[in-house]
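Right, one structure below, let's go through it.
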Amino acid sequence: MTIEPYIDADYPEVWALHLKTIAENDGFAKNLSFHSDFQNIPKIYDAFFVLRVDDVLAGMVAFKPDGEIKRLQVASACQGRGYGHMLMERVIDHAKARGMKRVHLDVSAPNRAAFALYLKMGFVITRTDRIEYGPDHEAFDMTFMELAIS
0 MTIEPYIDAD YPEVWALHLK TIAENDGFAK NLSFHSDFQN IPKIYDAFFV LRVDDVLAGM
60 VAFKPDGEIK RLQVASACQG RGYGHMLMER VIDHAKARGM KRVHLDVSAP NRAAFALYLK
120 MGFVITRTDR IEYGPDHEAF DMTFMELAIS
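The sequence shown begins at 0 in numbering that gives the first Met the number 0 and counts up by one.
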């Protein structure tokens, strides 16, 4: 298992994993226009890490310059092995190296495994809200969380 910074050659596998994650889970907007960040990963994210198992992409996580953690995803076949925790540790280490004092994220209500992971790692809830997306008015109950890292 390796965790490495994203390179452009990773894009096809990253996009395929993301599409599979959307299809398998209820907590993601189905309208692909809300996932356009994948078209500009190096411009939008300060860091984007990919996790590989036997040279196959098994997970990813992203970090925005404002301290927001995004796009934590682990392939369904690889869940339950601690890979999500490893990815979170890697991105938090990156934030610390950048001098950040806090990181923050959001998680949709159906994503119970991620929510449990964030609580286990010490994230605290800062607010909850129902967020509506786009012309289809897809709505999700979202929990916003943060972690002090200094």
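Glycine included, each C-beta is placed from N, C-alpha and C at the ideal position.
May I have the straight-line CA-CA distance separating residue i from residue j, to the nearest angstrom?
i: Arg126; j: Glu12; result: 33 Å
i: Val52; j: Ile124; result: 32 Å
i: Phe47; j: Asn39; result: 11 Å
i: Ile148; j: Lys100; result: 5 Å
i: Leu50; j: Leu71; result: 11 Å
i: Pro41; j: Ile6; result: 9 Å
i: Thr20; j: Ala76; result: 11 Å
So, at 8 Å on beta carbons, what are the nonlocal neighbours of residue i in its own chain, with the 5 sequence-adjacent residues on each side left out?
i: Ala112; result: Gln78, Gly83
i: Lys63; result: Ile43, Tyr44, Asp45, Lys69
Does the ligand NAP have even one heavy atom less than 7 Å from the beta-carbon of residue i?
i: Ala76; result: The ligand NAP is absent from the structure shown, which contains no ligand whatsoever.
Check for me: the beta strand (DSSP E) holding residue i runs from which residue to which?
i: Met141; result: 137-147
i: Arg101; result: 101-107
i: Ala46; result: 46-52
In this structure, does DSSP put residue i in helix, strand or coil?
i: Lys19; result: helix
i: Gly83; result: helix
i: Lys69; result: strand
i: Phe62; result: strand
i: Ile2; result: strand
Just reading off the alpha helix (DSSP H) that residue i is part of, what are its end residues?
i: Ile40; result: 40-43
i: Phe37; result: Unbroken run through Phe37: none, as it is neither H nor E.
i: Phe114; result: 111-119
Using a Cβ-Cβ distance under 8 Å, would residue i count as near chain C?
i: Glu3; result: Absence of chain C from the displayed structure is noted, only one protein chain being present.
Taking contact to mean at least 3 C-beta pairs separated by less than 8 Å, is the segment 136-149 in contact with the segment 52-59?
Touching, no, given that fewer than three Cβ pairs across the two stretches are closer than 8 Å.
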